[in-house]
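**Q**
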Amino acid sequence: EKGGYEHFMMKEICEEPAVLKATISPRVRDGQIQFEHFKLTDEMVKSCEKINIIACGTAYHAGMVGKYAIEKLARIPVDVDVASEFRYRDPMVNEKQITIVISQSGETLDTLMALREAKKKGSHTVSIVNVVGSSIARESDDVLYTWAGPEIAVASTKAYNTQLAVLYLLALKFAQIRGTVDDETIRYYIDQLMQIPDHMETVLQDKEAIQRFAAGHYNARSIFFIGRNLDYALSMEGSLKLKEISYIHSEAYAGGELKHGTIALIEDGTLVICPMTQDALFEKMVSNIREVKARGAVVLAIAAEKHLDEAEKAADAVITIPNIDPLLAPIVAVTPLQLFAYYVSVMKGNDVDKPRNLAKSVTVE
Ligand code: F6R
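For the sequence shown, UniProt numbering assigns the number 244 to the initial residue and increments by one for each residue that follows.
1) Determine the direct distance from the alpha carbon of residue 256 to that of residue 401, and round the result to whole angstroms.
2) Are the beta-carbon atoms belonging to residue 598 and residue 397 less than 8 Å from one another?
3) I'd like to know if the region 447-467 and the region 488-499 are in contact, where contact means that at least 3 CB-CB pairs between them fall below 8 Å.
4) Give the DSSP-derived three-state secondary structure of residue 467 in the structure shown.
5) State the CB to CB distance for the pair residue 562 and residue 575, rounded to an integer number of angstroms; the pair is presumed to be in contact (CB under 8 Å).
6) Identify, in the order they occur along the chain, each residue of the same chain with its Cβ nearer than 8 Å to the Cβ of residue 277, setting aside the five sequence neighbours on each side.
7) In angstroms with no decimal places, state the Cα-to-Cα distance between residue 577 and residue 596.
8) Restricting to Cα atoms, I'd like to know which of 335, 589, 349 is closest to residue 360.
9) Out of 264, 418, 245, state which residue places its alpha-carbon closest to the alpha-carbon of residue 442.
10) Is the number of C-beta pairs between the region 295-315 and the region 342-358 that are closer than 8 Å three or more?
11) Report the residue from 514, 339, 267, 378 whose alpha carbon sits nearest the alpha carbon of residue 541.
12) Under 7 Å: does the beta carbon of residue 397 sit that close to some heavy atom of ligand 1?
13) Which class does residue 332 belong to by DSSP, given the choice of helix, strand or coil?
14) Is the beta carbon of residue 417 closer than 8 Å to that of residue 313?
15) For ligand 1, I want to know if residue 605 counts as a neighbour, meaning its beta carbon is within less than 7 Å of at least one of the ligand's heavy atoms.
16) Rounded to the nearest angstrom, how far is the Cβ of residue 527 from that of residue 471, given a contact under 8 Å?
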């Protein structure tokens, strides 16, 4: 059932190119984005004043990326909330808002309850769910399935990549309806999205480089992730993945936040992982790398191929991803972080697919 792989997690990471194709392709027709049986009307999208994104854990980190994409393309303000916080704070939701709920299992109790709360307050609800026919899929007004197939490993991988793909499609669809970007730009992003499965293959071919890097760091006591903008959202996910299966303490920070406290934790030899996929902020990240290296940190950068030389000058080691528009980079750049967490976990002899204290589907509070 593991298809020749040692662990489900590796099998599922290796499925990413195929499941991304399955999630993206059917929704793109003649240069247009189409969602089947979509009840959300163009009028509702046009009059929408705010979007709420609600989820837990990895799905919440996908939501953080969704916020950037929707705000940038469709110019609708987005709040991203952890479901267990949203549901208990009498959220200011009304019928002029659209609520997007993200869940792999479709059964996470806090997320389901938050969905009910948003519906009760009159918001149209759209869920992004992997398990067909699950509670969240059934109870939301619209459901956009991620076609990731069964995800068995507790640590979510391919589901996250496909959640991002659906969020980008939604952001583009909203942008098209609201006229916030021109048709040429829409076609450009669609073309970029269609190239992602091939880019994923390229990243996976480079697995061994990540394995070799992990071999030098699996005994670390603490590992930090820093990034800016979309790379900050990505850092949050990379750090969570590492914590849950490697049991190594890890934290993620926005690059600009370091000097407000966190930098005190950097010691000689501390590993800091720095995704730097956002062209406009590349130089800012180079400065952040200098700051941590001056305190003794060892830095692994995740950068686009086109930036390899500059990244190598700044960091101790570089993992490259293919050149892709920075807005879409998290889909591709998360995979080296998933692989890093995987290899560290294997090297530590941990139960990769069933990490301690965790359940695949959290149906209790
Ligand atoms: C982390 C992980 C969890 C889930 C979270 C939400 O790898 O798997 O953080 O993302 O429990 O689960 P779903 O998406 O099923 O609602």
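Glycine included, every Cβ here is placed at the ideal spot set by N, Cα and C.
**A** Well, looking at it:
1) So the alpha carbons of these two residues sit roughly 6 Å apart.
2) Closer than 8 Å, so yes.
3) The region 447-467 makes contact with the region 488-499, as at least three CB pairs between them are under 8 Å.
4) Residue 467 sits in a strand when the DSSP states are folded into three classes.
5) The C-beta separation of residue 562 from residue 575 comes to about 11 Å, leaving the pair out of contact by the 8 Å criterion.
6) Excluding positions up to five away in sequence, the list reads 270, 271.
7) Distance between the alpha carbons of residue 577 and residue 596: 18 Å.
8) Nearest C-alpha to residue 360: 335.
9) The residue with the shortest Cα to Cα distance from residue 442 is 264.
10) The region 295-315 makes contact with the region 342-358, as at least three CB pairs between them are under 8 Å.
11) If we check each option's Cα against that of residue 541, 514 comes out closest.
12) For ligand 1, at least one heavy atom lies less than 7 Å from the Cβ of residue 397.
13) In the three-state reduction of the DSSP assignment, residue 332 falls in the coil class, being assigned neither a helical nor a strand state.
14) Yes, they are a contact pair.
15) Under cutoff, so the answer is yes.
16) Between residue 471 and residue 527 the Cβ distance is about 6 Å, and since that is below 8 Å, they are a contact.
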